[in-house]
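Residue numbers (the numbering used here): 46 to 163.
Structure follows, in structure tokens:
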């Protein structure tokens, strides 16, 4: 089972930027896709960015044009560049691996906290 370790969160002012990282225990290239999710208290995890094996990307409307997902296969690492951050981006961010076109991994790491506040 793939293990994932997220890092890079922190406190940032509105309009600022952060870059999150997620290191996978296995070869990312073997997965159908990699994705970033986020969760706020009392809410379900929300898929916000997907990078499909082959290179296409999909973003939630709430982050489109501000966030960018990328992969370094040599490092088995997925990144999420977050720009023009807003207070509503405050959440715990998680990455996950899509094992098949219809199934995400059941494993969730601890996530990394992002807080956007002045």
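Glycine residues also receive a C-beta, built at the ideal position from the N, C-alpha and C atoms.
Since the structure is predicted, the reported quantities are computational estimates derived from the model, not experimental observations.
- Taking every protein chain shown into account, the CB of residue 143 has 16 or more other CB atoms within 10 angstroms, so this residue is buried.
- C-alpha of residue 69 to C-alpha of residue 113: approximately 18 Å in a straight line.
- Rounded to whole angstroms, the Cβ separation of residue 123 and residue 116 is 5 Å, and the two are in contact under 8 Å.
- Boundaries for residue 120: no beta strand (DSSP E) harbours it, and the DSSP string shows neither H nor E there.
- DSSP lists 126 as the bridge partner or partners of residue 64.
- Each residue's CA atom was taken as its position, placing residue 67 and residue 80 some 10 Å apart.
- When 93, 140, 159 are compared, the shortest CA-CA separation from residue 106 is found for 93.
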